[in-house]
């Protein structure tokens, strides 16, 4: 049976796990399927997964869902358009629309619940002390190195510059703006999820000098408060303060490292692309 257009199917998913968003349709010879996440407030939508011409079509898939969605291809001809969603995180919560070429629509409302004692609202502090003292020419960029550069947080002209911030980090990052003039470039990252794992670059500059530091954040199943500290004096020295359930990696307190030539090239490419527009 086909659900009425306004009848939502509730689905509860476990944080960090996989879940199924159900959808059935009346199959025909030219099957077209679209899964979208929809928003009531601004009427925008995110493209989650599409299928036509007998294959997945992911060119316009939103990066939030990259590598996490699957259809049951061997069951589509029988009318099964259900979507598998892996590595569920808090950002996945919301209302989804399954649309088939036979003009059938199914709405699914997804909620994310905690697994055991997962603390999904924990904040991570990427602590960084840099040699930038006073003046209004301080520029800070936090970037995640993930094959391509993902813009996490920027600061310029005495204020945050979030016009190019990646949607993954929207509303979750903050600097200690009143302490930047004293050399504190630390980033606070709230509502940590598994997608936050990876290597981060902090780039700081003034008219006199520039510095950069790399830190690696690892998120495990149960999150507690983490702190990672880096000092750039002027080479990069990183050390971590980690609570038992979490894991953050760095070169260690006795190791001094310089950014690799590859990282420098990556930063240069990113700076050239985004710096002129800020």
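Numbering (our numbering), first residue to last: 194 to 471.
Heads up, the beta-carbon is just placed ideally off N, CA and C, and yes, glycines get one too.
From the options, residue whose alpha carbon lies closest to that of residue i
i           : options               : result
residue 260 : 286, 271 and 388      : 388
residue 210 : 223, 384 and 304      : 304
residue 257 : 273, 271, 276 and 285 : 285
residue 277 : 252, 296, 355 and 243 : 243
residue 345 : 336, 351, 306 and 291 : 336
residue 222 : 404, 357, 237 and 293 : 293
residue 228 : 234, 207, 287 and 271 : 287
residue 362 : 390, 349, 252 and 208 : 390
residue 204 : 301, 374 and 291      : 301
residue 246 : 254, 266 and 206      : 266
residue 271 : 253, 220, 252 and 376 : 220
residue 237 : 405, 255, 408 and 347 : 255
residue 376 : 359, 395 and 360      : 395
residue 207 : 279, 349, 406 and 372 : 279
residue 374 : 295, 351, 360 and 253 : 351
residue 348 : 358, 250 and 408      : 358
For residue i, the three-state DSSP class (helix, strand or coil)
i           : result
residue 242 : strand
residue 253 : coil
residue 371 : helix
residue 332 : strand
residue 312 : Any reading at residue 312 must be qualified, since the residue scores a pLDDT of 36, below 50, and its modelled position is unreliable; the value itself is stated next. Coil, per DSSP.
residue 297 : coil
residue 201 : strand
residue 225 : coil
residue 284 : helix
residue 404 : strand
residue 268 : helix
residue 279 : coil
residue 302 : strand
residue 211 : coil
residue 206 : strand
Cβ-Cβ separation, residue j to residue i (assumed contact under 8 Å), whole Å
i           : j           : result
residue 216 : residue 299 : 4 Å
residue 365 : residue 383 : 5 Å
residue 241 : residue 262 : 6 Å
residue 274 : residue 226 : 5 Å
residue 230 : residue 289 : 5 Å
Residue i and residue j closer than 8 Å at C-beta
i           : j           : result
residue 202 : residue 269 : no
residue 386 : residue 283 : yes
residue 297 : residue 218 : yes
residue 397 : residue 333 : yes
residue 410 : residue 393 : yes
residue 400 : residue 330 : yes
beta-carbon residue i near the ligand NAD non-hydrogen atom, thresh 7 Å
i           : result
residue 240 : Ligands in the displayed structure: none, and consequently the ligand NAD is not present.
Residue-level contact to chain C via CB, residue i, 8 Å cutoff
i           : result
residue 260 : The structure shown contains no chain C, having only a single protein chain.
Going along the chain, which unbroken runs of the beta strand (DSSP E) with 3 or more residues stay wholly within the stretch 341-390?
341-349, 366-368 and 380-382
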